[in-house]
């Protein structure tokens with residue numbers, strides 16, 4: 001049996017399209033945990049090189065120290081004894097092992113906060129996100145603003161690049177679009 005001082009673990013998923021504020025919400029939750037003097041670790045995939053290996057950076061330039069790891073096994077190996085809150089940004093880029101690890105951590109009393117794209121640029125489920133959404137106690141679906149019409153945007157419209165599922169990019173390659181304004185992408 002778990003003692004009350006160990007905390008009650010849970011999985012929180014922050015999902016949505018690009019430019020919807022997922023990383024911003026992750027940073028907000030982690031900062032609150034730090035204010036509460038909880039032991040926190042934040043991770044991001046090695047694949048995400050947009051802001052350097054040791055930072056999660058929001059669109060409004062708020063930064064949070066993070067450790068870049070190759071996969072869920074590397075994340076597991078980097079976990080410190082006594083960690084109370086684990087944050088993961090860009091969770092869609094991790095392998096399926098992230099789901100089991102999140103479950104294991106939550107079962108041990110750790111609060112696990114994961115942010116990621118729930119759909120790719122073709123509007124298909126992305127990486128481990130569907131399974132994480134299924135096992136989470138808390139799910140928050142974030143929405144951007146459609147750059148065409150101004151309505152809530154649910155999709156990441158690819159506007160440049162190739163047809164591969166994983167293409168790390170930002171404003172040069174993607175736009176936020178609503179269902180009405182979304183268009184199928186044809187690679188150059």
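In our numbering, the protein residues as written are 1 to 188. A virtual CB, placed ideally from N, CA and C, is assigned to each residue, including glycine. Owing to the predicted nature of the structure, the values given are computational and were not obtained by experimental measurement.
If you draw a straight line from the C-alpha of residue 3 to the C-alpha of residue 65, how long is it?
Position 3 of the chain shown holds residue 3. Position 65 of the chain shown holds residue 65. In this prediction, residue 3 has a pLDDT of 37, which is less than 50 and means its spatial position is unreliable; nothing more can be read from the coordinates.
Can you confirm whether the region 22-31 touches the region 68-76 when touching is taken to mean that 3 or more C-beta pairs between the two stretches lie within less than 8 Å?
No: fewer than three Cβ pairs fall under 8 Å.
Roughly how many angstroms lie between the CA atoms of residue 53 and residue 47, to the nearest whole one?
Within the chain shown, residue 53 is the residue found at index 53, counting from 1. Within the chain shown, residue 47 is the residue found at index 47, counting from 1. Their Cα atoms are separated by approximately 9 Å.
Run through the DSSP bridge pairs and tell me what residue 32 is partnered with.
Locating residue 32 in the chain shown gives position 32, counting from the first residue. According to DSSP, residue 32 bridges with nothing at all.
Nearest-angstrom Cα distance between residue 190 and residue 39?
Residue 190 is absent from the structure shown; the chain starts at 1 and stops at 188.
Would you tell me roughly how many angstroms separate the C-alpha atoms of residue 62 and residue 26, rounded to the nearest one?
The residue you call residue 62 lines up with position 62 of the chain shown. The residue you call residue 26 lines up with position 26 of the chain shown. Spanning the two alpha carbons is a distance of roughly 11 Å.
For residue 101, collect the residues of the same chain with a Cβ closer than 7 Å to its Cβ; drop the 5 residues on either side in sequence, then sort them by chain order.
Counted from its first residue, the chain shown places residue 101 at position 101. If we look at residue 101 and ignore the five residues flanking it on each side, its Cβ neighbours are 72, 75 and 76.
Suppose the cutoff is 8 Å on Cβ atoms and the five residues either side in sequence are ignored; what does the same chain contact list for residue 179 look like?
Mapped onto the chain shown, residue 179 falls at position 179. Result list for residue 179: 154 and 155, in chain order.
Can you name, in chain order, every residue of its own chain whose Cβ lies under 8 Å from the Cβ of residue 5, other than the five neighbours on each side?
Start at 1 with the first residue of the chain shown, and residue 5 comes out as number 5. Interpretation of residue 5 is limited by its pLDDT of 42, a score under 50 that renders its predicted location unreliable; the figure taken from the coordinates is listed afterwards. There are no such residues.
Taking the beta carbon of residue 60 as the centre, do at least 16 other beta carbons fall within 10 Å, making it buried, or is it exposed?
As a position in the chain shown, residue 60 is number 60, starting the count at 1. Looking at its Cβ environment, which holds fewer than 16 other Cβ atoms inside 10 Å, residue 60 is exposed.
If you run the structure through DSSP and keep just helix, strand and coil, what is residue 88?
Taking the chain shown and counting its residues from 1, one reaches residue 88 at position 88. If DSSP states are grouped into helix, strand and coil, residue 88 belongs with the strands.
Are there 16 or more other CB atoms within 10 angstroms of the CB of residue 136, so buried, or fewer, so exposed?
Residue numbering aside, residue 136 sits at position 136 when the chain shown is read from its first letter. That one is buried.
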